[in-house]
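Down below is the structure, laid out as structure tokens.
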């Protein structure tokens with residue numbers, strides 16, 4: 001009976017993650033303040049989480065990083081968001097790449113957030129009961145699905161940084177002619 005329960009629960013999560021991946025757009029990275037954090041490079045990143053919602057992240061790496069540089073994924077807990085890059089420079093300074101996932105609808109208690117939970121923008125961090133009428137719409141279902149998909153996005157960011165870095169001028173041109181998503185390199 002227990003093994004059947006574990007299989008059903010595992011399949012339930014596998015279905016949520018598969019659904020998120022089916023709606024996913026490629027992760028995007030835009031170099032952030034190139035001269036401020038040297039010898040660490042910082043990228044404002046965005047990937048698709050639960051329901052295809054875009055989730056913000058920071059991608060930091062040593063300037064001498066290669067595609068083989070070990071990458072650590074950092075998940076910020078309840079009440080906190082991705083904060084600012086300066087809060088995360090220790091591991092890249094020690095030679096590791098770091099992908100810091102923003103927690104949807106969080107930030108403001110002890111670190112700032114940049115990802116809303118369905119309505120866009122920052123929100124009140126008192127959202128633990130949002131969607132609790134169904135496990136499919138519950139806040140933590142979405143946030144934990146974001147975290148699971150984040151690991152795949154971190155690997156993609158590690159491998160794509162050489163070919164998809166956007167210059168500030170290119171971002172400005174795209175911003176002047178389209179949406180914020182297009183400015184970040186989206187379709």
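In our numbering, the protein residues as written are 1 to 187.
A virtual CB, placed ideally from N, CA and C, is assigned to each residue, including glycine.
Keep in mind that this is a model prediction, so the values were computed, not measured.
Identify the continuous beta strand (DSSP E) that holds residue 27 and give its terminal residues. Per DSSP, residue 27 belongs to no beta strand (DSSP E) and is neither H nor E.
Helix, strand or coil: which one does DSSP assign to residue 161? Confidence at residue 161 is low in this model, with a pLDDT of 45, below 50, so the placement of that residue should be treated as unreliable; the coordinate-derived value is given next. Here DSSP, grouped into helix, strand and coil, assigns residue 161 to helix.
Is the CB-CB distance between residue 96 and residue 72 below 9 Å? Yes, they are a contact pair.
Per DSSP, what kind of secondary structure is residue 73 in: helix, strand or coil? DSSP places residue 73 in strand when its eight states are reduced to three.
Does residue 91 pass the burial test, meaning 16 or more other C-beta atoms within 10 Å, or should it be called exposed? Label assigned to residue 91: buried.
Roughly how many whole angstroms lie between the Cα atoms of residue 16 and residue 33? So the alpha carbons of these two residues sit roughly 35 Å apart.
Only counting the same chain, and skipping five residues up and downstream in sequence, which positions put a Cβ closer than 6 Å to that of residue 25? The residues are 48.
Should residue 180 go down as buried or exposed, given a rule of 16 or more other Cβ atoms within 10 Å for buried? In this prediction, residue 180 has a pLDDT of 38, which is less than 50 and means its spatial position is unreliable; nothing more can be read from the coordinates.
So residue 60 is in the alpha helix (DSSP H); what residue range does that whole segment cover? Note, residue 60: premise wrong, no alpha helix (DSSP H); beta strand (DSSP E) at 54-62.
Do residue 62 and residue 45 come within 9 Å of each other at the CB atom, strictly closer than that value? Not a contact, by the Cβ cut-off of 9 Å.
Return the Cβ separation of residue 112 and residue 89 in integer angstroms, given the expectation that the two are a contact with Cβ distance under 8 Å. For a cut-off of 8 Å, the C-beta gap from residue 112 to residue 89 is around 16 Å, too long to register as a contact.
Which residues bound the beta strand (DSSP E) around residue 45? Per DSSP, residue 45 belongs to the beta strand (DSSP E) from 40-48.
From residue 68 to residue 156, what distance separates their C-alpha atoms? Their Cα atoms are separated by approximately 12 Å.
With distance defined between alpha-carbon atoms, name the residue in 21, 40, 35 and 36 nearest to residue 51. Nearest C-alpha to residue 51: 21.
Coarse secondary structure for residue 183, derived from DSSP in three states: Reliability of the predicted coordinates at residue 183 is poor, the pLDDT of 38 falling under 50, and no value is obtained from them.
The beta strand (DSSP E) with residue 98 in it runs from where to where? For residue 98, the enclosing beta strand (DSSP E) stretches over residues 97-101.
If you follow the alpha helix (DSSP H) that residue 92 is in, where does it begin and where does it stop? Residue 92 -> alpha helix (DSSP H) spans 90-93.
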